[in-house]
């Protein structure tokens, strides 16, 4: 709580800081003079090219405590070769310092003092309670006998954490005897956010892409490692090693083909790469993660797959799906709801009257088959989750059609599951004492059941959340919202591995049953995304991403979605389709597109040639139709309805939207280097219509009269991208202009070693 007294003190502090006279630095002598006033507020006014070997500023007893504002300028040619100091860098030691808007290029820092107490960084040797914002270190290297990092060698602990935000480094980091981190060698208390590293690290002990070894309280979020390789005795892609304390990793990514190891370097297996672990989730770098020999499916293939599925398993006269092609036995009651979802998705994709009539026929057929949706009929409806799957589908049908008949059935179905039946006299699925939802009541003796010894399954708890949130969307009744939140919290505390994103199948008593099922992963994703959409709370989205990554990385084999051979289990991946698309669209998590295309292409290519029916084992040719049930054949048609073909892909994990939405990059300037595809951070004004220039860039770009002009004395390759990451045009031009329609564009120019990209707005 901020009291009036505390606020007054805060204001006085701000006034004190703002009143401190700025000291302008325009040359090497001025930079060296910082050592004479370690608490000053310094502002660079020019680029500084250092000519002499550098003497680090400050020391342990006399650290730099002031402010250094680079003001968008760069320090070039920093050279240090030191064998005496314990802390080596542009600044040896800092305490409570602030640094921002600074670039350092082509530094060479060599620190030869040995020992666990020796640290080297290009910017700072040892930092305490120091913040660095909106800065970068490009090229060069730091090599030390102690621990090393491109920005900071060591962050020492204090009551106030250090901070490293909106930064990147492309330098190489080496520790001959101890630890190396791409940005920080060792840390006891730092928060790193929105950071990228694309150099290399090498250490005898611990090596990490962002940080080497950490103790105490640390956090790393929205970081990306695009290095070609990391070497060390203990090496991980984001954080080398967590030795003690509390370290939180969130939303961190690493180049998928990144090589790590000690001597024999190798890529991290996909099943060892997950977002909250030390490794960091893989993000495709060259697009080679899910390269398939199978052709890309098309819109025509989507129609063919759906037609083949319905021809084989749908009885038009009955309005029901059957288990076997041409058979009379209908598919399980709950799976009919999933098939309805599939056909409603087909209608949402196509908008045709044919698909509208098809899903309405399914609704009518199931009404005839299942007691006109009379939820109190215990002969037909005898398991809670059977009802809840239909509650979801009927509420969704209302959202599509506006017919209140389906909404009313959904609402009464939800109440029947939650509170029980006045006819059957069961107590309902909800446990008001211990929380959560029971899967079933005693069908033979329903009164007074379920008992506390009965199981609470994932397949009722997460669908209950989805049903509640769908009804909340349909009605605006907050009662549904609060029930959804309550059950989700119970499920996450009892059925969810918060480190891995793994969902337990059930809980009997106090013991979760850790069996992996794709449909449980799917409904957990769906529930989390719907809560995120309703609240904007990022923790829900993080849970959904973690769950999807476990499904993709741990459960899949060679990139193919996990499939199961038990009764009705073939339909699980069709359910996954329903909710992974929510994560992609509502959560703006576009990185799953390549993986899903890879699966669909394989599954469709391996269909039965004559009928076009697909099978749940995408990696191998489908068996004969006699060995396929409708559950097994549903996934590829279901995925196709919601995942657009590659040719229509709107965004992908290498587009600007992925990095902007998920890594929070500022795209006022989006600069490529030869080695990576993440943006250079904002240092310069790029207001529309004003000449745009990056320091020491031989290419200038500006927009006028809906044209992009490139000014250079040499021919330049110019690529123009739209906001979805698609290329609009590609030409080699010189002193020329490109006409563009109104809109926002990213213009990439390449000449020699200069590869830059600018945001251009044409009004």
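Numbering (mature numbering (1 follows the signal peptide of the UniProt record, and there is no 0)), first residue to last: -21 to -1, 1 to 742.
Heads up, the beta-carbon is just placed ideally off N, CA and C, and yes, glycines get one too.
For residue i, which three-state DSSP category applies?
{"i": "residue 724", "result": "strand"}
{"i": "residue 625", "result": "helix"}
{"i": "residue 181", "result": "strand"}
{"i": "residue 227", "result": "strand"}
{"i": "residue 783", "result": "There is simply no residue 783 to check, as the chain begins at -21 and stops at 742 in what is shown."}
{"i": "residue 750", "result": "No answer is possible for residue 750: it lies beyond the span of the chain, which begins at -21 and ends at 742."}
{"i": "residue 240", "result": "strand"}
{"i": "residue 308", "result": "coil"}
{"i": "residue 409", "result": "strand"}
{"i": "residue 553", "result": "helix"}
{"i": "residue 656", "result": "For residue 656, the predicted model reports a pLDDT of 44, less than 50, meaning its position is unreliable; a value from the coordinates is still stated below. Three-state DSSP puts residue 656 in coil, outside helix and strand."}
{"i": "residue 512", "result": "helix"}
{"i": "residue 442", "result": "helix"}
{"i": "residue 379", "result": "helix"}
{"i": "residue 529", "result": "helix"}
{"i": "residue 232", "result": "strand"}
{"i": "residue 350", "result": "helix"}
{"i": "residue 507", "result": "helix"}
{"i": "residue 497", "result": "helix"}
Per DSSP, what are the beta-bridge partners of residue i in this structure?
{"i": "residue 247", "result": "None; residue 247 has no bridge partner."}
{"i": "residue 147", "result": "115, 175"}
{"i": "residue 303", "result": "608"}
{"i": "residue 215", "result": "187"}
{"i": "residue 711", "result": "696"}
{"i": "residue 88", "result": "59, 121"}
{"i": "residue 106", "result": "73, 134"}
{"i": "residue 462", "result": "DSSP output for residue 462 lists no bridge partner at all."}
{"i": "residue 481", "result": "476"}
{"i": "residue 153", "result": "122, 181"}
Considering just the uninterrupted stretch of the beta strand (DSSP E) at residue i, what are its terminal residues?
{"i": "residue 361", "result": "Premise fails: residue 361 is in no beta strand (DSSP E) and is neither H nor E."}
{"i": "residue 82", "result": "77 to 84"}
{"i": "residue 190", "result": "190 to 204"}
{"i": "residue 486", "result": "485 to 487"}
{"i": "residue 384", "result": "Note, residue 384: premise wrong, no beta strand (DSSP E); alpha helix (DSSP H) at 383 to 398."}
{"i": "residue 208", "result": "208 to 210"}
{"i": "residue 492", "result": "490 to 492"}
{"i": "residue 287", "result": "Where residue 287 is concerned, there is no enclosing beta strand (DSSP E), although the alpha helix (DSSP H) it sits in stretches over 278 to 292."}
{"i": "residue 298", "result": "Where residue 298 is concerned, there is no enclosing beta strand (DSSP E), given that its DSSP letter is neither H nor E."}
Below 8 Å on the Cβ atoms is my guess for residue i versus residue j; work out the distance and round it to an integer in Å.
{"i": "residue 357", "j": "residue 403", "result": "5 Å"}
{"i": "residue 163", "j": "residue 130", "result": "6 Å"}
{"i": "residue 284", "j": "residue 583", "result": "6 Å"}
{"i": "residue 57", "j": "residue 47", "result": "Contact doesn't hold; Cβ gap of about 14 Å is too wide."}
{"i": "residue 109", "j": "residue 73", "result": "5 Å"}
{"i": "residue 218", "j": "residue 228", "result": "6 Å"}
{"i": "residue 624", "j": "residue 278", "result": "6 Å"}
{"i": "residue 498", "j": "residue 554", "result": "4 Å"}
{"i": "residue 136", "j": "residue 158", "result": "Not a contact, Cβ separation roughly 16 Å."}
{"i": "residue 152", "j": "residue 188", "result": "Their Cβ separation, rounded to whole angstroms, is 10 Å, which puts residue 152 and residue 188 out of contact at 8 Å."}
{"i": "residue 504", "j": "residue 526", "result": "5 Å"}
{"i": "residue 309", "j": "residue 258", "result": "Residue 309 to residue 258, Cβ: 46 Å. No contact."}
{"i": "residue 467", "j": "residue 513", "result": "With 8 Å as the limit, residue 467 and residue 513 do not qualify as a contact, their Cβ atoms being about 11 Å apart."}
Is any beta-carbon of chain C found at less than 8 Å from that of residue i?
{"i": "residue 464", "result": "The structure shown contains no chain C; it holds only a single protein chain."}
From what residue to what residue does the alpha helix (DSSP H) around residue i run?
{"i": "residue 432", "result": "Premise fails: residue 432 is in no alpha helix (DSSP H) and is neither H nor E."}
{"i": "residue 330", "result": "Looking at the DSSP string, residue 330 is not in any alpha helix (DSSP H), and its letter there is neither H nor E."}
{"i": "residue 539", "result": "Residue 539 -> no alpha helix (DSSP H), and no H or E assigned at all."}
{"i": "residue 137", "result": "Note, residue 137: premise wrong, no alpha helix (DSSP H); not H, not E."}
{"i": "residue 577", "result": "572 to 584"}
{"i": "residue 24", "result": "First-last for residue 24: undefined, no H or E at that position."}
{"i": "residue 34", "result": "Unbroken run through residue 34: none, as it is neither H nor E."}
{"i": "residue 128", "result": "Note, residue 128: premise wrong, no alpha helix (DSSP H); beta strand (DSSP E) at 126 to 128."}
Check your understanding: Does the count of Cβ pairs from the region 346 to 356 and the region 379 to 395 closer than 8 Å reach three?
Key -> Counting Cβ pairs under 8 Å, three or more are found: they touch.
Exercise for review: Inspect the CB distances between the region 84 to 104 and the region 119 to 133 and report whether three or more fall short of 8 Å.
Suggested key: Because the criterion of three Cβ pairs below 8 Å is met, the region 84 to 104 and the region 119 to 133 touch.
Practice item. Say whether the region 322 to 337 touches the region 565 to 574, bearing in mind that this needs 3 or more beta-carbon pairs closer than 8 Å, one atom from each stretch. Key: As far as the Cβ criterion goes, the region 322 to 337 does not touch the region 565 to 574, which means the pair count is below three.
Exercise for review: Decide if the region 447 to 465 is in contact with the region 421 to 436; the criterion is three or more beta carbon pairs, one per stretch, under 8 Å apart.
Suggested key: Contact between the region 447 to 465 and the region 421 to 436 is not established, with fewer than three Cβ pairs separated by less than 8 Å.
Review point. Are three or more beta carbon pairs between the region 603 to 619 and the region 543 to 557 nearer than 8 Å?
Key: With a cut-off of 8 Å, the region 543 to 557 and the region 603 to 619 count as touching, because enough Cβ pairs lie within range.
Exercise for review: Decide if the region 479 to 490 is in contact with the region 397 to 413; the criterion is three or more beta carbon pairs, one per stretch, under 8 Å apart.
Suggested key: In short, these stretches do not touch, since the Cβ pair count stays below three.
Review point. Touch check for the region 535 to 552 and the region 594 to 607: three-plus C-beta pairs under 8 Å?
Key: At 8 Å Cβ cutoff, the stretches touch.
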